[in-house]
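Asker:
There are 2 protein chains.
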Amino acid sequence: MAKSSKVPTSVDIARAAGMSQATVSRALNGGVVSEETRERILAISKSLGYSPNAVARGLVTSRTGLVGVVVSDITNPFYPEFLEEIGRSLTDRDQQMLLQNAATGDQQGAVELLLQQRVDGIIFMAATSTLGIIRDLVRRRFPIVLANRTIELPCDSVQGDNLAGAAAIVDHLYGLGHRRFAVIEGTATTSTAGQRTRGFVARLEEHGLELRDELVVRTDFRYDQAFAGAQRLLDRRYPPSAIFCHNDLLAIAALNAIKDRGLRIPDDVSVVGFDNTLQSRWESIDLTTVDQPLAAMAARSVELLGDRLAEPDLPPRHEVFPAELIVRGSTGRRRPRPRQG
Amino acid sequence: MAKSSKVPTSVDIARAAGMSQATVSRALNGGVVSEETRERILAISKSLGYSPNAVARGLVTSRTGLVGVVVSDITNPFYPEFLEEIGRSLTDRDQQMLLQNAATGDQQGAVELLLQQRVDGIIFMAATSTLGIIRDLVRRRFPIVLANRTIELPCDSVQGDNLAGAAAIVDHLYGLGHRRFAVIEGTATTSTAGQRTRGFVARLEEHGLELRDELVVRTDFRYDQAFAGAQRLLDRRYPPSAIFCHNDLLAIAALNAIKDRGLRIPDDVSVVGFDNTLQSRWESIDLTTVDQPLAAMAARSVELLGDRLAEPDLPPRHEVFPAELIVRGSTGRRRPRPRQG
Numbered sequence: 029m030a031k032s033s034k035v036p037t038s039v040d041i042a043r044a045a046g047m048s049q050a051t052v053s054r055a056l057n058g059g060v061v062s063e064e065t066r067e068r069i070l071a072i073s074k075s076l077g078y079s080p081n082a083v084a085r086g087l088v089t090s091r092t093g094l095v096g097v098v099v100s101d102i103t104n105p106f107y108p109e110f111l112e113e114i115g116r117s118l119t120d121r122d123q124q125m126l127l128q129n130a131a132t133g134d135q136q137g138a139v140e141l142l143l144q145q146r147v148d149g150i151i152f153m154a155a156t157s158t159l160g161i162i163r164d165l166v167r168r169r170f171p172i173v174l175a176n177r178t179i180e181l182p183c184d185s186v187q188g189d190n191l192a193g194a195a196a197i198v199d200h201l202y203g204l205g206h207r208r209f210a211v212i213e214g215t216a217t218t219s220t221a222g223q224r225t226r227g228f229v230a231r232l233e234e235h236g237l238e239l240r241d242e243l244v245v246r247t248d249f250r251y252d253q254a255f256a257g258a259q260r261l262l263d264r265r266y267p268p269s270a271i272f273c274h275n276d277l278l279a280i281a282a283l284n285a286i287k288d289r290g291l292r293i294p295d296d297v298s299v300v301g302f303d304n305t306l307q308s309r310w311e312s313i314d315l316t317t318v319d320q321p322l323a324a325m326a327a328r329s330v331e332l333l334g335d336r337l338a339e340p341d342l343p344p345r346h347e348v349f350p351a352e353l354i355v356r357g358s359t360g361r362r363r364p365r366p367r368q369g
Numbered sequence: 029m030a031k032s033s034k035v036p037t038s039v040d041i042a043r044a045a046g047m048s049q050a051t052v053s054r055a056l057n058g059g060v061v062s063e064e065t066r067e068r069i070l071a072i073s074k075s076l077g078y079s080p081n082a083v084a085r086g087l088v089t090s091r092t093g094l095v096g097v098v099v100s101d102i103t104n105p106f107y108p109e110f111l112e113e114i115g116r117s118l119t120d121r122d123q124q125m126l127l128q129n130a131a132t133g134d135q136q137g138a139v140e141l142l143l144q145q146r147v148d149g150i151i152f153m154a155a156t157s158t159l160g161i162i163r164d165l166v167r168r169r170f171p172i173v174l175a176n177r178t179i180e181l182p183c184d185s186v187q188g189d190n191l192a193g194a195a196a197i198v199d200h201l202y203g204l205g206h207r208r209f210a211v212i213e214g215t216a217t218t219s220t221a222g223q224r225t226r227g228f229v230a231r232l233e234e235h236g237l238e239l240r241d242e243l244v245v246r247t248d249f250r251y252d253q254a255f256a257g258a259q260r261l262l263d264r265r266y267p268p269s270a271i272f273c274h275n276d277l278l279a280i281a282a283l284n285a286i287k288d289r290g291l292r293i294p295d296d297v298s299v300v301g302f303d304n305t306l307q308s309r310w311e312s313i314d315l316t317t318v319d320q321p322l323a324a325m326a327a328r329s330v331e332l333l334g335d336r337l338a339e340p341d342l343p344p345r346h347e348v349f350p351a352e353l354i355v356r357g358s359t360g361r362r363r364p365r366p367r368q369g
């Protein structure tokens, strides 16, 4: 039954033992309790269906019930939506979220703070391949889960099917007659950016097309960079007729840049995002994008971390969730457009 | 100097004492340390400029460096922007945010979880006058700050000038020729909703106008409720020519509802929000709204909490920050519009 993979918390045990949580806590933290009490706690825990190993680990590691969550830009609407789901799943497990919002470069410090607070594990929503701290944690066998990102490391991860999502975008745009594509990319060292471009280019090649380097805009998943980049694309002698953006925030920046230039969407330019955020559904945005099952991905991230806490020796699991193209008003048939003046 | 109002942390003292943080922590937590060590810690703390009282309190209360933050809907873009600033300010003070995202009705449980984690204090970003738990905390003299909200309670609070902001909106719309106003309100038990309507109605009365009850839509600050409410307003035999919404999220819902009905903004209807969120500045939204100095308000919330931790007996401070109308494209001159069919 499910209980056998759970780690005992001081609350569970205190309730069953009829002891104060403080006493159980002290025992779990290796503090001063009588040998009798310690043995009683072990016995009660077993009777609750906890494996003796898990109890022993609990006694040694003294779980805090805190889970660190690291995001890189909480004002990117993708994160609050994902965080809301993560929070819900943690609450269901009597765990609490210790949130760190840190730009990619500052995550070392953020992780150190989380470790100081003795979090039981960390869910990274903004992992990049250059983050040495993640390698360190994996090496030290500290429980982590990479959510919405992967790195070539032996640790648990959850992500959407970026390759398939990007391929679906190509098929959709190709079917509308588009042949000249631009891409506004996110942070190069993230798996999301890497996979979304790779999936896009691979499918273009199947259609006998290529992605021209001068039509690729590189950003750090920042709105302002995408806005400026989109305007540079529009100002080209031969602008693209369709722009694929690595997430909805970048796509909305592109939409706004297009509006700012007085051009029409999708008549002059089609735009596609990725994430299906709440904003993308607004009538004033109406963005074609790729949906990922956020709630399921968030719940699974929390579950993988729970499994890892209970069984540190489990082999790492990499789970990929289906991505689905959602067609809205920001994409349409390619129309010849008048050259810029 | 500033230090005298600070509470010692185990990190500060450990550094100065050349002891391990674990030892200092143990002393602060009332754990087993020699009397000599405890006295040395007191002496060092005094030399750092901490008042003996603050040290004594520190020894008793065993600060965790954790600050609880309670929001009611993290997908409302106002919160991530405010949280980003709160997080920055806490980090500057070596404190960490323990975030709880809880619908207004569930905040009792959220607060209990925070107290279990022994947070030093709580910043409420979603306080309502019906939240008994806040009264309890104030009665128990637990350190809290109400950010962006006030309640008639003796505790610290920070808010924007809702009355002045709402009055500025009336003046702006009145100047554009509008005479028939609707309001889409937020949660009735919040100070923000109460003050924004009060300020609006008071200024209307100065212009010899009134707010008609049938043109008031009541929501819980939820997008869907505002969207439906705006459509009901538009479907009236005599629809309003201008809609004041209690925050940007509600205003964006109204904009989208207007678009969905095939009406033009601002030619058919003017819309005003409150908060000046990042979204309100988007070209595709272009919302007239009221700016509040978020960064300053967030920093001040954290500062007030710090002061309260250092000096529990300080009289409560209620601070009001200036609000400024930002005029964008969602408001324009009133035009006679054809009656609905």
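Keeping their order, the protein sequence lines are chains A and B. Using our numbering, the first residue of the first sequence is number 29, and each one after it goes up by one. Using our numbering, the first residue of the second sequence is number 29, and each one after it goes up by one. Where is the CB? At the ideal position from N, CA and C, for every residue including glycine.
Return no unless some Cβ of chain B is closer than 8 angstroms to the Cβ of A/Asn81.
Answerer: Counting from 1 along the first sequence, the entry for residue 81 of chain A is found at position 53. Bear in mind that the predicted position of A/Asn81 carries a pLDDT of just 42, short of 50, making it unreliable; the figure below should be weighed with that in mind. With 8 angstroms as the cut-off, A/Asn81 does not count as an interface residue toward chain B.
Asker: Is there a C-beta anywhere in chain A that falls below 8 angstroms from the one on B/Gly115?
Answerer: Counting from 1 along the second sequence, the entry for residue 115 of chain B is found at position 87. Closer than 8 angstroms to some Cβ of chain A, the Cβ of B/Gly115 qualifies, so yes.
Asker: With A/Gln187 as the anchor, note down where its alpha helix (DSSP H) starts and where it stops.
Answerer: Locating residue 187 of chain A in the first sequence gives position 159, counting from the first residue. Premise fails: A/Gln187 lies in the beta strand (DSSP E), 184-188, not in any alpha helix (DSSP H).
Asker: Would you report the Cα separation of A/Tyr266 and A/Arg250, rounded to the nearest angstrom?
Answerer: Taking the first sequence and counting its residues from 1, the one referred to as residue 266 of chain A is at position 238. Taking the first sequence and counting its residues from 1, the one referred to as residue 250 of chain A is at position 222. Cα to Cα, A/Tyr266 sits roughly 25 angstroms from A/Arg250.
Asker: Can you tell me where the alpha helix (DSSP H) with A/Gly227 in it begins and where it stops?
Answerer: Indexing the first sequence from 1 puts residue 227 of chain A at position 199. 219-234 is the span of the alpha helix (DSSP H), which, as asked, contains A/Gly227.
Asker: Might you give, ordered along the chain, the residues of its own chain that have their beta carbon closer than 8 angstroms to the beta carbon of B/Val355, omitting 5 neighbours on each side?
Answerer: Position 327 of the second sequence, counted from the first residue, corresponds to residue 355 of chain B. Cβ within range, chain order: His200, Thr316.
Asker: Under the assumption that A/Leu332 contacts A/Val173 (Cβ atoms under 8 angstroms), give the Cβ distance between them as a whole number of angstroms.
Answerer: As a working note, residue 332 of chain A is residue 304 in the first sequence. As a working note, residue 173 of chain A is residue 145 in the first sequence. Rounded, the Cβ-Cβ distance is 5 angstroms, consistent with contact.
Asker: Are the CB atoms of B/Ala210 and B/Phe255 within a distance shorter than 8 angstroms?
Answerer: Here the question's residue 255 of chain B lines up with position 227 in the second sequence. Here the question's residue 210 of chain B lines up with position 182 in the second sequence. The answer is no: Cβ separation not under 8 angstroms.
Asker: Assuming contact is defined by CB atoms lying nearer than 8 angstroms, are B/Thr217 and B/Ser308 in contact in what I supplied?
Answerer: On the second sequence, position 189 is the one that residue 217 of chain B refers to. On the second sequence, position 280 is the one that residue 308 of chain B refers to. Taking 8 angstroms as the Cβ cut-off, B/Thr217 and B/Ser308 do not qualify as a contacting pair.
Asker: Indicate whether A/Leu232 and A/Leu239 have their beta-carbon atoms separated by less than 8 angstroms.
Answerer: By 1-based counting over the first sequence, the position of residue 232 of chain A is 204. By 1-based counting over the first sequence, the position of residue 239 of chain A is 211. Yes, they are a contact pair.
Asker: Quick check: the Cα distance between B/Arg345 and A/Glu109, rounded to an integer number of angstroms?
Answerer: Looking up residue 345 of chain B in the second sequence gives position 317. Looking up residue 109 of chain A in the first sequence gives position 81. So the alpha carbons of these two residues sit roughly 34 angstroms apart.
Asker: Taking 8 angstroms as the CB-CB limit, is A/Met325 close to chain B?
Answerer: Taking the first sequence and counting its residues from 1, the one referred to as residue 325 of chain A is at position 297. So, not an interface residue.
Asker: Under 7 angstroms between beta-carbons, which chain B residues line up against A/Leu306? List them in chain order, please.
Answerer: Within the first sequence, numbered from 1, the residue matching residue 306 of chain A stands at position 278. Per Cβ cutoff of 7 angstroms: Thr103.
Asker: Assuming A/Gly149 contacts A/Pro171 (C-beta within less than 8 angstroms), just tell me the rounded distance between them.
Answerer: Working through the first sequence from its first residue, we reach residue 149 of chain A at position 121. Working through the first sequence from its first residue, we reach residue 171 of chain A at position 143. Correct: roughly 4 angstroms between the Cβ atoms.
Asker: Pop quiz: A/Ile212 and A/Ala282 are said to be a contact at Cβ under 8 angstroms. What is the actual Cβ separation, rounded to whole angstroms?
Answerer: Mapped onto the first sequence, residue 212 of chain A falls at position 184. Mapped onto the first sequence, residue 282 of chain A falls at position 254. With 8 angstroms as the limit, A/Ile212 and A/Ala282 qualify as a contact, their Cβ atoms being about 6 angstroms apart.
Asker: Residues in the same chain with beta-carbon distance under 6 angstroms from B/His206, minus the five sequence neighbours each way, listed in chain order, please.
Answerer: Residue numbering aside, residue 206 of chain B sits at position 178 when the second sequence is read from its first letter. Closer than 6 angstroms at the Cβ level, and outside the excluded window around B/His206, lie Ser269, Ala270, Arg362.
Asker: Name the chain B residues whose beta carbon is nearer than 9 angstroms to that of A/Leu261?
Answerer: If you number the first sequence from 1, residue 261 of chain A lands on position 233. Neighbours of A/Leu261 on chain B: none; closest Cβ ~16 angstroms, over 9 angstroms.
Asker: Checking contacts by CB at 8 angstroms: is A/Asn275 closer than that to chain B?
Answerer: The count along the first sequence starts at 1 and reaches residue 275 of chain A at position 247. Judged by the 8 angstroms Cβ criterion, A/Asn275 is not in contact with chain B.
Asker: Does the segment 292-305 of chain B touch the segment 316-325 of chain A, meaning 3 or more C-beta pairs lie closer than 8 angstroms?
Answerer: Taking 8 angstroms as the limit for Cβ pairs, the verdict is that the segment 292-305 of chain B does not touch the segment 316-325 of chain A.
Asker: To the nearest angstrom, report how far apart B/Ser33 and B/Leu337 are at their CA atoms.
Answerer: Within the second sequence, the letter at position 5 stands for residue 33 of chain B. Within the second sequence, the letter at position 309 stands for residue 337 of chain B. The predicted position of B/Ser33 is uncertain, since its pLDDT is 39 and thus under 50; no value can be drawn from it.
Asker: The segment 287-314 of chain B: which residues have C-beta closer than 8 angstroms to a C-beta of chain A, in chain order?
Answerer: The residues in question are Lys287, Asp288, Leu306, Gln307, Trp310, Glu311, Ser312, Ile313.
Asker: Considering only residues of the same chain and omitting the five flanking positions on each side of B/Leu237, which have a CB-CB separation below 7 angstroms?
Answerer: For the purposes of this step, residue 237 of chain B is taken as the residue at position 209 of the second sequence. So the qualifying residues of the chain are Arg207.
Asker: 8 angstroms is my cut-off, CB to CB: does A/Asn176 come that close to chain B?
Answerer: Taking the first residue of the first sequence as position 1, residue 176 of chain A is located at position 148. Judged by the 8 angstroms Cβ criterion, A/Asn176 is not in contact with chain B.
Asker: Compare the Cα-Cα distances from B/Gly357 to each of B/Leu94, B/Ile280, B/Val348 and report the closest residue.
Answerer: Here residue 357 of chain B refers to the residue found at position 329 when the second sequence is read from its first residue. Measuring from the Cα of B/Gly357, the nearest candidate turns out to be B/Ile280.
Asker: What residues from chain A crowd round B/Ile280, counting only those whose CB sits closer than 8 angstroms?
Answerer: Along the second sequence, read from residue 1 onward, the residue named residue 280 of chain B stands at position 252. Those are Trp310, Ser312, listed as they occur along chain A.
Asker: Output needed for A/Ile162: all residues of its chain with C-beta closer than 6 angstroms, excluding positions within five of it in sequence on either side, in chain order.
Answerer: Counted from its first residue, the first sequence places residue 162 of chain A at position 134. Excluding positions up to five away in sequence, the list reads Ala155.
Asker: Identify the contact partners of B/Pro267 in chain A, using a Cβ-Cβ distance below 8 angstroms as the criterion.
Answerer: The residue you call residue 267 of chain B lines up with position 239 of the second sequence. In chain order: nothing, as chain A lies at least about 18 angstroms away.
Asker: Can at least three beta-carbon pairs, one atom from the segment 126-142 of chain B and one from the segment 177-195 of chain B, be found at a separation below 8 angstroms?
Answerer: No: fewer than three Cβ pairs fall under 8 angstroms.
Asker: Assuming A/Pro105 and A/Leu277 are in contact, meaning their beta carbons sit under 8 angstroms apart, how far apart are those beta carbons, in whole angstroms?
Answerer: For this step, residue 105 of chain A is matched to residue 77 along the first sequence. For this step, residue 277 of chain A is matched to residue 249 along the first sequence. Indeed, because the Cβ distance is near 7 angstroms, the residues count as touching under 8 angstroms.
Asker: I want to verify the contact list: residues of chain B whose CB lies under 7 angstroms from the CB of A/Met125, in sequence order.
Answerer: Looking up residue 125 of chain A in the first sequence gives position 97. Going along chain B in sequence order, the residues near A/Met125 (Cβ under 7 angstroms) are Leu127.
Asker: Is the Cβ of B/Pro108 closer than 8 angstroms to any Cβ of chain A?
Answerer: On the second sequence, residue 108 of chain B is found 80 positions in, with the first residue counted as 1. It does; some Cβ of chain A falls within 8 angstroms.
Asker: Could you please tell me which residues of the segment 139-156 of chain B, in chain order, have their CB closer than 7 angstroms to any CB of chain A?
Answerer: From the segment 139-156 of chain B, only Leu141, Gln145 have a Cβ closer than 7 angstroms to chain A.
Asker: Give the secondary structure of A/Ser312 by DSSP, where H, G and I count as helix, E and B as strand, and everything else as coil.
Answerer: The residue you call residue 312 of chain A lines up with position 284 of the first sequence. Correct three-state label for A/Ser312: coil.
Asker: At least one CB of chain A closer than 8 angstroms to the CB of B/Asn284: is that the case?
Answerer: If you number the second sequence from 1, residue 284 of chain B lands on position 256. Yes, B/Asn284 lies at the interface with chain A (some Cβ there is under 8 angstroms from its Cβ).
Asker: When the Cα atoms are used, what is the spatial distance from A/Gly290 to A/Gly227?
Answerer: Taking the first residue of the first sequence as position 1, residue 290 of chain A is located at position 262. Taking the first residue of the first sequence as position 1, residue 227 of chain A is located at position 199. Taking the straight line joining both Cα atoms gives about 31 angstroms.
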